Each structure stands twice: as structure tokens, then as C-alpha cells.
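**Student:** The structure follows.
In our numbering, the protein residues as written are 3 to 362.
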């Protein structure tokens, strides 16, 4: 017996959501230059009554507002996003966040809390899907994977378990709940790439390394133009076509599809090239330009993912582009090494894939 409740899904017919939508739409349009790529099938599937769980890589708090605003501006339903309860301080602000449709997931500290948190996320995801409402999750669970570990994290499988369980038991669920409509469920992989990650300095600070924008409402302190942002929504994954997979396999498939959406930007190439020129606590400046050319050559098979530069562009021009908006590239210094490493590691998986292909 499955239990569902519409009361657990906060209505967005309220002033807080209306004002919030105006604010985050304005911010997306005026504090960034967004380049949006939405897979052609997404709007078509929506017209066919499909229900989506958007799942993306996590780099910045800005992603949630930008993603919601982008979908709204493209006349797609605004999903209900999940967020760790540690990001919203106090009962008052948690109540406000629920008014705009956030569902708060307990950030666990013990094994028992991990189990409770997973149950909560699974229930809420399944409840949304059963009622025909889109959801959104960041299955890595943190922005800290790239700055702390140098690579994207695994996707936690809980939300994917909910999708599989719903699809496998859909007939029984519809029989028990006559008010529900029939629909197909999909995971939509998505990703955002930044010329400038808003919290980059905070996430690469030597002491503590915790971003100052730890809490969602703290982002008001850092409202500023972040330049070019590439927002990509990939091809939806039909859950009905993947019922042979377990929750981990579906999570891994979604993660792979998200990684394929990552764009290769000038700051990523330059940062990787700086790291390649780093040896014995020194950066060999003259080597950077040679490395830019070498790294572009290594990734030329991915040229359709290049943004903001081209294969034939001079390395000096590429570095100059980055230095116009990021001061740590005007005078390259080892004191910015953690920052260079952050931006380099956003595309690290492409270099690892290239090495694997070369060795095959």
C-alpha cells in the first residue's frame, strides 16, 4: 500500500512565491549572460503529460534560482527543488522557503539520520511524481566535491529509487488512487557552466574552505554580475525504458549524461594549462601558452562543447579573454593555485577520458 498526500506539497498560490519568481527571474536576466540549450524533446514530452525529475551537477547556490528562472522563461513548469535543511537557517526562513516550493531534506550527521533522510527524500520525490509535479535534485548532495576532491561526486541513488518504484508499481498506484492521472516519468540531466563561479573564492579559501554563501539567504550579500553562464538541459531518460536497472545503475547513467553536458570554457583550458606549467612550487609562465595549444588539441574531438573560444584561436587571446574578467589571471601567481585547480577540475573528466581512449 502506497501513501500519498497532496497536503505535503505546498501550494505556490501565494505572495512569497510570486515575489520570489520576480526576483530570481530578474537576477537571471540581469546578473548573468545566460546561454540556454534545452533538448528538443523536453517541450514535446511535456505536452504529452510527462513528469520530470531534473537532476544536475552542483557547483554553486546560484544554480537553483537560475534553473527555475530559465524553465519559467521558456514556458516550462517550475519544478519543486530539494535542498539541504542546513542551507536555510531558522524556522521562519524554512517556512518562507517552503512557500516557494522548496522541499527541505535533513542533512544527516549519523548513520540513523542518513537512513531517515533517505526515506524522506524518497517519499517526497515519489509523492511529487505521483501527483504529476516536476521535482529537481542535486544528487551529489554538495558543491564541495570539486574544490575538496578535485572531481565530481557520485550521485546518491535515493531519488532514482523513487522513480523506479513508481514506474514499476504504476498500475497499482493508479488503481488505489483514482484521482491520479497516467503519465510517464523521466529524469532530465542538466548542468550549468560558469565563466565565474560566484563562490569560487570562498570555496578555495585555504583556511576552512567553507563558502561564505553557506546558507541560501546569504546569497544576498553576493549579488553581482557573474558573466557568461551556459545552462544545458539534456535528453530526458525514460524510466520505463530502464526498469532493468537498479537505483545505483540509474544514478550512474544520469551522472554520465550530466558529465557529457559540461562545456569547455576559456577559464577551464587556461587553468588546466597553468597547472601543467606548475613545478617545484613555481609556475613556468612561458609554458602556459604552449600548454593551452596542447590541451585544445587533446580535446579537439569535443569541439562541439567548446564555448567562448575556437580551435584555431591564439593561446594569448584565450588567456587575455579570461584576464579581462578574473584578476587572478592578469598576474598569474602560485597564491591562486587553488583557484586555478578549481576551474581546471571542472573539465578534468574529459582529460581522463582522453587518456583512457589513448591507452585503449
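Here a beta-carbon is modelled for each residue, glycine too, at the ideal position from N, C-alpha and C.
Predicted, not measured: the structure shown is a model, and the values here were computed from it.
#1: Take residue 43 and list the residues in its own chain whose beta-carbon comes closer than 7 Å to its own, dropping the five residues that flank it on each side.
#2: Output needed for residue 211: all residues of its chain with C-beta closer than 6 Å, excluding positions within five of it in sequence on either side, in chain order.
#3: With DSSP collapsed to three states, give me the class of residue 211.
#4: Tell me where the alpha helix (DSSP H) around residue 346 begins and ends.
#5: If the criterion is Cβ atoms closer than 8 Å, does the pair residue 189 and residue 165 meet it?
#6: Could you check if residue 317 is buried or exposed, using at least 16 other CB atoms within 10 Å of its CB as the buried criterion?
#7: Cα separation between residue 63 and residue 324?
#8: In three-state terms, what does DSSP make of residue 286?
#9: Please identify the residue among 290, 202, 115, 146 whose C-alpha is closest to the C-alpha of residue 275.
#10: Under a Cβ-count criterion, where at least 16 other Cβ atoms within 10 Å of its own Cβ denotes burial, should residue 231 be classed as buried or exposed?
#11: Verify whether the separation of the beta carbon atoms of residue 241 and residue 187 is less than 8 Å.
#12: For residue 270, which residues of its own chain have a beta-carbon under 7 Å away from its beta-carbon, when the five flanking residues on both sides are left out?
#13: Pairing CB atoms from the stretch 58–77 with CB atoms from the stretch 10–28, are three or more of them under 8 Å?
#14: Pull up the distance between the alpha-carbon of residue 339 and that of residue 312, whole angstroms please.
#15: Let me check one thing: in DSSP terms, what residues is residue 230 bridge-paired to?
#16: Quick check: residue 133 and residue 48, are their CB atoms within less than 8 Å of each other?
#17: Measuring alpha carbon to alpha carbon, tell me which residue in 156, 162, 97 is nearest residue 142.
#18: Going by C-alpha to C-alpha distance, which of 319, 329, 151, 249 sits closest to residue 351?
#19: Under a three-way DSSP split, which group does residue 136 fall into?
#20: Under 8 Å, do residue 206 and residue 341 count as touching if we go by C-beta distance?
#21: Look up residue 2 in the DSSP assignment and give the residues it is bridged to.
#22: For residue 19, which residues from the same chain have a beta carbon less than 7 Å from its beta carbon, with the 5 sequence-adjacent residues on both sides left out?
#23: Going along the chain, which unbroken runs of the alpha helix (DSSP H) with 4 or more residues stay wholly within the stretch 146–191?
#24: Note the first and the last residue of the continuous alpha helix (DSSP H) segment covering residue 74.
#25: Pull the bridge partners of residue 10 from the DSSP assignment, please.
#26: Work out the CA separation of residue 288 and residue 139 for me, nearest whole Å.
#27: Can you tell me whether DSSP reads residue 58 as helix, strand or coil?
#28: Expressed to the nearest angstrom, what Euclidean distance is found between the alpha-carbon atoms of residue 153 and residue 257?
**Tutor:** Concretely, from the data shown:
#1: 237, 238
#2: Per-residue confidence for residue 211 stands at a pLDDT of 48, beneath the threshold of 50, marking its modelled position as unreliable; the derived number appears in the next sentence. Cβ neighbours of residue 211 beyond the five flanking positions: none.
#3: In this predicted model, residue 211 has a pLDDT of only 48, less than 50, meaning its place in the structure is not dependable; the value taken from the coordinates is given anyway. Residue 211 falls in the coil class under three-state DSSP.
#4: 339–347
#5: yes
#6: In this structure residue 317 is buried. Its beta-carbon is surrounded by 16 or more other beta-carbon atoms within 10 angstroms.
#7: 23 Å
#8: Looking at residue 286 - three-state DSSP - the assignment turns out to be coil, as it is neither helix nor strand.
#9: 290
#10: buried
#11: Residue 241 is a Cβ neighbour of residue 187, given a cutoff of 8 Å.
#12: 345, 346, 348, 349
#13: yes
#14: Near 25 Å, if we compare the C-alpha coordinates of residue 312 and residue 339.
#15: 35
#16: no
#17: 156
#18: The residue from 319, 329, 151, 249 with its alpha-carbon nearest to that of residue 351 is 151.
#19: coil
#20: yes
#21: Residue 2 lies beyond the range of the chain shown here (3 to 362); nothing can be said about it.
#22: 101, 102, 103
#23: 147–151, 160–170, 172–178
#24: Secondary structure note for residue 74: its alpha helix (DSSP H) is the uninterrupted segment 64–75.
#25: Its beta-bridge partners do not exist; DSSP assigns none.
#26: 43 Å
#27: It is a strand residue.
#28: 12 Å
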